[in-house]
Structure formats: C-alpha cells, structure tokens
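In the working numbering, the protein residues as written are 172 to 719.
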C-alpha cells in the first residue's frame, strides 16, 4: 500500500509527486524474454506510487506476471536501455480500458484515530477499518496517504496539505478523504467536530480547541475546483469523556455536500455507529466493478442498514454532477487494466509471441472474478486480525485471566455490544475442526475455520478465512459474504461465498500458476476463463477448484 506519497508533514509541505500524476511515458524498452513467474498464492494487491518524479501504476492483475506482467509497469522518468530496434507502440489490452473511471489524478487521504490520550475512549478497530478502505482505494487507482493518531493540530495540517495537493492536481482530479475516529456535536450550536487524539473535553468551549469544524472542512474542499470530492466520516462514535463533558446529542450532525461533492456518514445524524460495520461493506462496494460512485455508496448504505436490522443506517449527501466510478463504470473494464507494449513489425517480433484480445464476455468474467477476489482479500485481512484476537483471548483464559471456558470454547464472554472473540473446537462428526474469530450474538461473524487435515482427499477444504452469517442452512453461522478457501491440494479460491460454498464470482489460483476466473453457483462452475502461468488463455478444460 502506498504511504506518505505527498510528503505531508506538520508544516503542510507538498512534495513533487503531487502534481502531474499522469505523465507521458517514454518509449518502452525492448520486450524482455518471457519467463514463467513464480506463482503468488495470496495478497496480490493493486496500487500506485508517486515519488521523486516517478509515476508508477500497477495492478494486482499485472503483478501476476506473464503477458500482463512482463511489461505492465510504466515508469515515467526512469532510466532504461536504448531499444535495439524500432520502439514498440503501447496499446491497450482493450480499447475500453481507457475508461471514464481511469481519467484524471486520483488522490486519497485515509486517517485512523485509534489512541485517544486525554480521556476519550480508544477506537480499537480504527486501523483495521482504515486498512480496508485504503486497500480498496489503492486497488482502484488512488494514490493514498495514510495518517494515524493525529492531534488536533496535526489533523489540521494533514487535511490542509492534502487539500492543497488536490487543488494543484487540477480540475480533473478526484479527491477522497476517509476519517475513522471520534466526532461529536456542540451541545448548543449543533456544529460537528472531528476530534484530535489529544482532545480533553470538559466544556463545550473546548471543541474549537481540540476539534476541527466539519462544515469548515467541507467548504474548503469544495473550493479546490476538483472534478469530485468524497468525504467519508466513519466518526459517529459515542463520545464518553471526562465527567464534566455533556455532549447533549449522540454522534455527529449532518453537513450537506456542495457541488461536485459526496459526503457519506456511517450512520444517520444524531446516532452512533458500531466499529467495524460500515468500513468493510463500503470497501467491498468501492472495489466492485461496473458501477458508479453513487451506486457504490447507495449499495453500502442499504447493506449496512439491512445487516444491522436498521439499528445503523448510513446517510449519503450527494451532489456529484460528473459520472465518477471507482473500479470501472457500467460496461467498462476496471481502470487498472495495464497497457501492454506490442511489437510493431517483424524485426521486433518474438516468433513464439501470440496475442489475442479478450472477447467482451471473457473480459466480463475476468473483471468480475478479479474484483470479487480483491474484495475477498480485503475481508481476509480483517478475518486474520479477528483470528489473532481470538487466539489471544483463548490464551488469556487458559492463563487464568478473565473470560469464559468450557469443554469446547475459550475466550471472551459477552458479545452484547461489539461481539466477542474466542476459539471453539468442534467434536463429533466435525472432530478436529475449529473456529478462531469473532462471534456476534452467539453466531460466527468473521475469522478462520480450520478444517481437519485430509491428505487423502485433495479436494477437501484445509481452511476458510472470511465472513460468516447465520442462514437457514446453518444457524451457527456458515460462510456467507467474501472469503478465501484453501483446499488440501494447495489450490486457493478467493471470492464470493454463500451457505458454505463458492457462490458468485471469484478466482482460483493453483500451485502451478494457473488462475481460473469464474462464476460459481452452489459450488458448480457456470462461467469460466482460465489462464496459465504465462497469462495465456487456456482453451482446454480448466482444472477443478476444490468441490467444483
């Protein structure tokens, strides 16, 4: 993930990388000898970086290697050997790859306020929330800056520096600010403030000292003249400070968007939001191909409301007047599809080189499969963190600390508010299987389900890492949402799941580098596009992914 690319410091300096993000690339170097890449099993993230005048754009798809990976990076300003023959002309994999979604510089600032030092409660999942949003933005072409645990003055400096960088990037720029931390309202005026980690609230007059007025920030970003500005406030927390502080109202109030702006809140005005609820859903929608920005935020809004029984109802104020998309617009390929240099004449042609553009149907399958797999990897990071927390809770109980312990369970006891973490071991027919993660109301929510080792059954599951929820199929909570499945044969599926099966789009990666992009329905493959380790399309039957 890209960090500190604008050189945002306490003085608000903006480094050379903030301008001219899309530079003209020099003529590509001669095509290197194609070698099969080493297969990458997981965590193939997309991202961009700008530093010291170098502009690098890569996609996770390109990083896989082969046709896409051999010449997929375009580096402006980097030295390269002189071509021995005519310079190859860069062409797009598809003409549609130069999409509306990819036009203009994309800059993002992600802020996580976890550790409050002067009396306010800490926000334990702020870093995890920020990680998910940052990954989704990086994967959709944003150059991201990450800041954490900022005092009021440092928070002001970071926002000021980012705002200036956005303005200098020009009228085609798109800016995105995500803030997860504490926010509160003035008990009399109703003005809302983002709070620095040094906030010491004993009276209403402390708010301008320790907080930043959200309306002022909105006005300032509206004045940048950017093509679009997104302000996302995951700050509707219940502020419980020193005894002298009386907030008057829960959460934060509502600042409405101005022209060419969208402002999103993790819950409705004057209400509070739970940690870890809004961010993963929004990250998933930001990564989803084939929808506009309005559609992405509306989908996140509906899904969170439905998942919480309308106890948490996100709100979006939208005044966008340009069509803006994240992964890709409807009917288009994702914006991160790389340019592929191809030879222009026989003198620079490899006899073994063949290239055939994908059909629209193949492009759709690969786009959807890759997009859902990328989201699954974001979710898996949160699941891995839940697993780690669960193991720590179980160890604490075993060591004589607080918690609950029974024949099958060790971990936290109460999950009435934010869920509980623990380890549950299953007996009977499921002997040897275990869940490590977070439970919500007694139901598995997110984490790792470790299956019994069955070396003699290579198509059986080794583990699942991802989301769970209760359905008619399994009242205790089965795989539902997004996740990663590793099978005994070493193949790995990443994508959508339902009722404990592959269901929806995803990708399956095999130890030999073969990748299958497909749509599954209850573990039955319905649409398929397979590529070998070199990235060439496999025309013969593709390998089986687990229980296909």
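The beta carbon of each residue, even a glycine, is placed where N, CA and C say it ideally should be. Quantities reported herein were computed from a predicted structural model and do not represent experimental measurements.
Around the beta carbon of residue 386, fewer than 16 other beta carbons lie within 10 angstroms, which makes this residue exposed. Excluding five sequence positions before and after residue 475, the CB atoms of its chain that fall closer than 7 Å to its own CB belong to 448, 449, 452, 483 and 485, given in chain order.
Within its own chain, the residues whose Cβ lies closer than 8 Å to the Cβ of residue 298, once the five positions on either side in sequence are excluded, are 283, 285 and 319, listed in chain order. In terms of Cβ geometry, residue 666 and residue 550 do not form a close pair [threshold 8 Å].
Between residue 542 and residue 458 the beta-carbon gap is near 6 Å, inside 8 Å, which marks them as a contact. Annotation note: the segment 448 to 498 contains the following uninterrupted alpha helix (DSSP H) runs of length 4 or greater, listed N- to C-terminal: 449 to 458 and 464 to 478. Under the three-state reduction of DSSP, residue 709 is assigned to coil, being neither helix nor strand. Taking 8 Å as the cut-off, the beta carbon of residue 315 is found no closer than this to the beta carbon of residue 346. Nearest C-alpha to residue 487 among 468, 477 and 498: 468. Secondary structure at residue 552: helix, using DSSP grouped into helix, strand and coil. A direct Cα-to-Cα measurement between residue 609 and residue 575 gives close to 14 Å. In the DSSP assignment, residue 364 falls within the unbroken beta strand (DSSP E) covering 363 to 366.
Here residue 373 is exposed, its C-beta having fewer than 16 other C-beta atoms within 10 Å. Between the segment 629 to 638 and the segment 551 to 570, the count of Cβ pairs shorter than 8 Å is three or higher; the stretches touch. Contact annotation: residue 491 and residue 393 have beta-carbon atoms that are not nearer than 8 Å.
Only residues of its own chain outside the window of five on either side were considered, and among them 375 have a CB closer than 7 Å to the CB of residue 359, listed in chain order. Excluding its 5 nearest sequence neighbours in each direction, residue 547 has C-beta neighbours in its own chain below 8 Å: 637, 653, 654, 655, 665, 666, 667 and 677, listed in chain order. Excluding residues up to 5 positions away in sequence, 393, 397, 398, 399, 400, 490, 491, 492 and 493 lie with their Cβ nearer than 8 Å to the Cβ of residue 431 in the same chain. Under the three-state reduction of DSSP output, residue 536 falls in the helix class. Of 629, 322 and 605, the smallest CA-CA separation from residue 622 is found for 605.
Taking the Cα of residue 388 as reference, the smallest distance to any Cα among 327, 577 and 405 is reached at 327. Membership of residue 302 in the alpha helix (DSSP H) is indicated by the continuous run 297 to 310. Looking at 402, 379 and 348, the one whose alpha-carbon comes closest to that of residue 429 is 402. Check the Cα spacing between residue 406 and each of 673, 611, 674 and 444: the tightest is with 444.
Sixteen is the threshold: when 16 or more other Cβ atoms of the shown chains lie within 10 Å of the Cβ of residue 583, as they do, the residue is buried. Judged by beta-carbon spacing, residue 616 lies beyond the 8 Å limit of residue 571, meaning their Cβ atoms are not closer than that value. Pairing residue 691 with residue 697, the inter-Cα distance amounts to about 6 Å. Burial of residue 540 is indicated by the presence of at least 16 other C-beta atoms within 10 angstroms of its C-beta.
Taking 8 Å as the upper bound for CB-CB distance, residue 461 and residue 502 are in contact here, some 7 Å apart. By the neighbour-count criterion, in which a residue is buried when 16 or more other Cβ atoms sit within 10 angstroms of its Cβ, residue 536 is buried. DSSP places residue 278 in the strand class (E or B) of the three-state scheme. The beta carbon of residue 377 sits closer than 7 Å to the beta carbons of 371 from its chain, once the five residues preceding and following it are set aside; these are given in chain order.
If you draw a straight line from the Cα of residue 325 to the Cα of residue 351, it is about 15 Å long. Runs of the beta strand (DSSP E) spanning 3 or more residues and lying entirely within the segment 552 to 640 occur at 580 to 582, 591 to 597, 604 to 611 and 614 to 621, in chain order. Taking C-beta atoms as the reference points, residue 595 and residue 580 count as a pair closer than 8 Å.
A distance below 8 Å separates the beta carbons of residue 660 and residue 630.
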